[in-house]
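Report on one structure; see the data block that follows.
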Amino acid sequence: MDSLSYLNGTNAEYVEALYQSYQQDPNSVDFGWQKFFEGFDFGRGADAGNIASEAPEHFLKEINVLNLINGYRQRGHLFTKTNPVRERRKHLPTLAIENFGLAENDLETVFNSSVELGIGPAKLKDIVAFLEQTYCGPIGVEYKYLRTPEVLSWLEQKMETEHNTPKLSLDEKKRVLKKLNEAVVFESFLGTKFLGQKRFSLEGAEALIPALDSVIEKGADLGIEEFVLGMAHRGRLNVLANIMQKSYKDIFAEFEGKSYNPETPFGGDVKYHLGYSTDVTTNKGKNVHLSLCPNPSHLETVNGVVEGMSRSKIDFKYGGDNSRLAPILIHGDASVAGQGIVYEVIQMAGLDGYKTGGTIHLVINNQIGFTTNYKDARSSTYCTDIAKVTLSPVFHVNGDDVEALVYAINLAMEYRQKYRNDVFIDILCYRRYGHNESDEPKFTQPLLYKAIEKHPNPLKIYVEQLIKEGKLDADGAKNLEKEFKAHLQKCLDEAKEYSAGLNDVKFGGAWADMRLATAKDFDQSPDTSVKKTTLLEIAKRIATLPSNKKFFRKIEKLFEERLKMATSTHVFDWAMGEQLAYGTLLSEGKRVRVSGQDVKRGTFSHRHAVLTLEDSEEEYTPLNHISDQQAPFDIYNSHLSEYGVLGFEYGYAMANPNALTIWEAQFGDFFNGAQIVVDQYVASAETKWQRENGLVMLLPHGYEGQGPEHSSARIERFMELCADYNMQITNCTTPANFFHALRRQFKRDFRKPLVVFSPKSLLRHPLCVSPLDEFTSGGFKEVIDDVNVKPAKVKRVVFCSGKIYYDLLEAQKNNKNEEVALVRVEQLYPTPVAQMEAVYKKYTHAEDVVWVQEEPENMGAWPYLLRRLRKTTLSAIDVISRKESSSTATGYAKQHATQQAYIISTTFEIPVNNDIKKTVAKATKKTVNID
822 MDSLSYLNGT NAEYVEALYQ SYQQDPNSVD FGWQKFFEGF DFGRGADAGN IASEAPEHFL
882 KEINVLNLIN GYRQRGHLFT KTNPVRERRK HLPTLAIENF GLAENDLETV FNSSVELGIG
942 PAKLKDIVAF LEQTYCGPIG VEYKYLRTPE VLSWLEQKME TEHNTPKLSL DEKKRVLKKL
1002 NEAVVFESFL GTKFLGQKRF SLEGAEALIP ALDSVIEKGA DLGIEEFVLG MAHRGRLNVL
1062 ANIMQKSYKD IFAEFEGKSY NPETPFGGDV KYHLGYSTDV TTNKGKNVHL SLCPNPSHLE
1122 TVNGVVEGMS RSKIDFKYGG DNSRLAPILI HGDASVAGQG IVYEVIQMAG LDGYKTGGTI
1182 HLVINNQIGF TTNYKDARSS TYCTDIAKVT LSPVFHVNGD DVEALVYAIN LAMEYRQKYR
1242 NDVFIDILCY RRYGHNESDE PKFTQPLLYK AIEKHPNPLK IYVEQLIKEG KLDADGAKNL
1302 EKEFKAHLQK CLDEAKEYSA GLNDVKFGGA WADMRLATAK DFDQSPDTSV KKTTLLEIAK
1362 RIATLPSNKK FFRKIEKLFE ERLKMATSTH VFDWAMGEQL AYGTLLSEGK RVRVSGQDVK
1422 RGTFSHRHAV LTLEDSEEEY TPLNHISDQQ APFDIYNSHL SEYGVLGFEY GYAMANPNAL
1482 TIWEAQFGDF FNGAQIVVDQ YVASAETKWQ RENGLVMLLP HGYEGQGPEH SSARIERFME
1542 LCADYNMQIT NCTTPANFFH ALRRQFKRDF RKPLVVFSPK SLLRHPLCVS PLDEFTSGGF
1602 KEVIDDVNVK PAKVKRVVFC SGKIYYDLLE AQKNNKNEEV ALVRVEQLYP TPVAQMEAVY
1662 KKYTHAEDVV WVQEEPENMG AWPYLLRRLR KTTLSAIDVI SRKESSSTAT GYAKQHATQQ
1722 AYIISTTFEI PVNNDIKKTV AKATKKTVNI D
């Protein structure tokens, strides 16, 4: 019910008038008044007279009691008993009855307003006791900012019926005790057996384990078949052991260093970053699959990956039914408040292309970040205030009260399943040691850690509670602890004799048919051609607009041109080459997903994969109208996020190798907003975690005078990350080669990320087209030789990549130069050294060999190639480029043109002339100027 504080000065006559209106038509008065009059009628009985006949003072106090009830519902969370180790901050005004126009002598008075709580007329003292228990106990709830009355009523009914107080059966209490015992004893055991080793203990927050155990049980009862979890390092080993059921022996073997095997190609990772998946059976016999996503130390980075994995599984495994899978994200208090990625990911919650049906967010609130006090870690009242962005309820729970936490997480699970929205649980706890076990927290928080030292662990607190309740005796608790310690010791003894080497890497689930790649796999690309009749039929389908729909005239003209490519010219531009790659894959049953900023139309207005009708908001997607048997084509304009969305798409591809998953940056250099995902996942996941991924990144790249931020997609940053055949880097020059590069992702039984430095001006370059036969034969070409020269006449061999080739080609033709061969390196990594050497060997009269690039000398592919080629027959290679620079490009158009002209003229050893100036000007003009 909305606040009624504005009623304090009202009079009985005014309220009587409202009441008369309500009796004639309840909908004629505000929702809050409706609820009040309903309760008032119920409390007074059917035979009561009119309101004016009531004592005005008592009636106004009835309103004050309603305000009191609403005050507890709105602000009760500020006055809870949720902090286990220190006093809560003071908030004013308090919930004292005097602040609501009531007094101590009203405590024995019966008020009808308590009908609002579902308890009938009651004395004020009983109403206050009810509200204190429900809203100011070990659970505090923020929910009144939710905007749907039905949701508010549901939450209030759930919480007030149970007084927000758990009522666990004896069997449930035993289960909670068992899991809490496992959590506490496991940490203690690690601390004594592996003294000084980092483990990022869960101590102080061990109640998380029975809470997760309970939500799996509850979720299974509500139809959940799978949970995908993401968390940072704190408590991860405990979750792996006691929730994910990773064997204690394996974990101990990792502490002992047994998992290292010098014969494997994997670098591995620290034990508290590793992922795991398993199947568990609930107490009621229901099977649930659990996946814990591997994560780096970069807190919250895993969030987008988990959401992407979840959406992928929902799409492929559960037919779009998000009631059967739920993501769980476990945050830290400092990171959930401080890391911007949290906001980027939360904003996806309601977006069609990214929603997963609601995420359960658990915050391990240690009230400290490394050494930073919580007061210095945020401006907001709570670390969870970001929940208000998606109107998600927040349960603040005392981490020492394990039953309260179990109750809260089960209610959160019910809410998620019913309303498909995010929900947060803020577990107020503490960190028994420093940031890691060798860190001294008393340097920065001496008073807090004096209190923590004396504070009993959650197991001891719960055992004492159960003994008081008569549900357990002291000997029973000791035996439980003793037996589990003995089990852990047995596992440790076995681990010392055990080798958990990583010799046999096996893929399971959707990845069962995949394998690890070898160096030989990259010697030559497979055949990715498509039959001529099939290709042309698909081309016609995707270029034909329905006659019963009205499109913008420019769109109709564009599609008429595309239809000509399919029916007469049989020469395809970049946009059609891309769409044909998608269309052929869709026809082969491979789902395609494209996401990123403005991808439906394309930043440079070239793709037009989704068309909006001229006279409505209706959308038409040609790629979804190829045939009835085709796979779906999904394309989504993302919100303005790189970090979150790239993480999401990486997770989407991580969960399933049988879809082409593409993320496109608006401009290539914008990927640097997601550099963490590139470094920690795209480039290194296979080396660290043995996880393959077939994600495609499209990064528009090319120097066309658009300034430092819209020229370079930072080829050098990707090249420096390349090793162990970890990813593929391409800078294609033809639509057909781009077509084959995309199709190649599916034509091998392994997966590697593909980074494509895609064009801008080439999208409309008249020479950047491909004839039909380049699509219907062969495959991706790592190197393309110069067919315009005769090897015997060539004195200089130029290797280049991407858009610069067309600038050089024009100069070659204009000057009728037959002494310079232009060889295109279409794949920068794995670098096709053998093919490059073979081509170079053809030019027996060549006097020198150079690498030509648009980027400054310290950028682009050159720094990598200089190192890579130093022990080959191309070791004498030199470079022609812009001079080294701390900025990617100049912001001055004239300086850009001068630099570009210098590169071209130096390549051919000719002076800068008008032809070269025209070439540069044309390339600059062809790019759509978008910022």
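In my numbering, the protein residues as written are 822 to 1752.
A virtual CB, placed ideally from N, CA and C, is assigned to each residue, including glycine.
Find out if the Cβ-Cβ distance for the pair residue i, residue j is shorter than 7 angstroms.
i: Val1700; j: Ala1722; result: no
i: Ala1562; j: Phe1601; result: yes
i: Thr1554; j: Ser1350; result: no
i: Leu1095; j: Pro1117; result: no
i: Arg1617; j: Asp1545; result: no
i: Thr1519; j: Trp1395; result: Checking the displayed sequence, the identity of residue 1519 turns out to be Leu instead of Thr. No, the pair does not count as a contact, with Cβ atoms beyond the cut-off.
i: Met1540; j: Ala1682; result: yes
i: Ala1476; j: Lys1134; result: yes
i: Phe1137; j: Met1335; result: no
Please name the residue in the options whose C-alpha comes closest to that of residue i.
i: Glu1128; options: Thr1099, Glu1530, Ala1331, Val1163; result: Val1163
i: Ile1363; options: Glu1382, Phe1373, Glu883; result: Glu1382
i: Val1126; options: Val1466, Lys1509, His1666; result: Val1466
i: Gln1648; options: Gln1656, Lys1303, Gln1450; result: Gln1656
i: Gln1160; options: Arg1585, Ala1147, Phe1073, Ile1207; result: Ile1207
i: Thr1193; options: Lys1176, Ala1155, Gln1716, Val1060; result: Ala1155
i: Glu1003; options: Gly1523, Leu1172, Ala1307, Pro1587; result: Ala1307
i: Leu1120; options: Val1101, Leu1150, Thr1099, Asn1104; result: Leu1150
i: Thr1205; options: Val1005, Gly1171, Tyr1175, Ile1246; result: Ile1246
i: Leu1599; options: Lys995, Glu1302, Pro1347; result: With the sequence shown as reference, residue 1599 is identified as Gly, and Leu is not the correct amino acid for it. Closest option to Gly1599, Cα to Cα, is Pro1347.
i: Gln1345; options: His1110, Pro1653, Gly1623; result: Pro1653
i: Val1218; options: Asp1197, Leu1434, Asn985, Leu1444; result: Asn985
i: Gly1220; options: Ala1272, Asn1186, Val1157, Asn1231; result: Asn1186
i: Val1644; options: Pro1677, Val1610, Pro1651; result: Val1610
i: Lys1271; options: Gln844, Val1646, Arg907, Gly1329; result: Arg907
i: Lys1630; options: Leu1588, Thr1665, Val1671; result: Residue 1630 is actually Leu in this sequence, not Lys. Among Leu1588, Thr1665, Val1671, the Cα nearest to that of Leu1630 belongs to Leu1588.
i: Ile884; options: Gly897, His912, Arg896, Ile918; result: Ile918
i: Lys1000; options: Tyr1283, Cys1621, Val1604, Glu1470; result: Tyr1283
i: Glu1318; options: Leu1461, Phe1073, Gln1418; result: Phe1073
i: Arg1703; options: Leu973, Trp1672, Arg1688; result: Trp1672
i: Glu1358; options: Ser1368, Gln1674, Gly1404; result: Gly1404
i: Ser1448; options: Ser1408, Ala1486, Gln1400; result: Ser1408
i: Ala1486; options: Lys1375, Gly1410, Lys1581; result: Lys1581
Is residue i helix, strand or coil when you go by DSSP?
i: Phe1492; result: helix
i: Ala1333; result: coil
i: Phe1372; result: coil
i: Asp947; result: helix
i: Glu1676; result: strand
i: Ser1144; result: coil
i: Glu1440; result: strand
i: Ala1642; result: strand
i: Asp1669; result: strand
i: Ser1591; result: strand
i: Ile1230; result: helix
i: Gly870; result: With a pLDDT of 49 at Gly870, under the threshold of 50, the modelled position of this residue cannot be trusted, and the question is left open.
i: Met1169; result: coil
i: Val1431; result: coil
i: Thr1211; result: helix
i: Phe1021; result: coil
i: Ile1151; result: strand
With 7 angstroms as the threshold, decide whether the Cβ of residue i is near any Cβ in chain B.
i: Lys1739; result: The displayed structure is made up of one protein chain only, and chain B is not part of it.
Cβ pair count under 8 angstroms reaching 3, the region 890-910 against the region 940-959: yes
The region 1026-1043 contacting the region 1222-1229, beta-carbon criterion three pairs below 8 angstroms: yes
4-residue-minimum alpha helix (DSSP H) runs that sit fully inside the region 944-1016, ordered along the chain: 945-956, 970-982, 991-1014
Stretch pair the region 1048-1068 + the region 1258-1272: three plus CB contacts closer than 8 angstroms: no
Stretch-stretch touch, CB-based, cutoff 8 angstroms, three pairs: the region 1277-1287 with the region 997-1011: yes
Three-pair Cβ contact test at 8 angstroms for the region 1507-1524 versus the region 1430-1446: no
Beta strand (DSSP E) runs contained entirely in the region 1348-1410, provided each spans 3 or more residues: none
Whole beta strand (DSSP E) elements within the region 1527-1607, 3-residue minimum: 1549-1551, 1575-1577
Segments of 4+ residues assigned as alpha helix (DSSP H) that fall wholly inside the region 1460-1528: 1464-1476, 1506-1510
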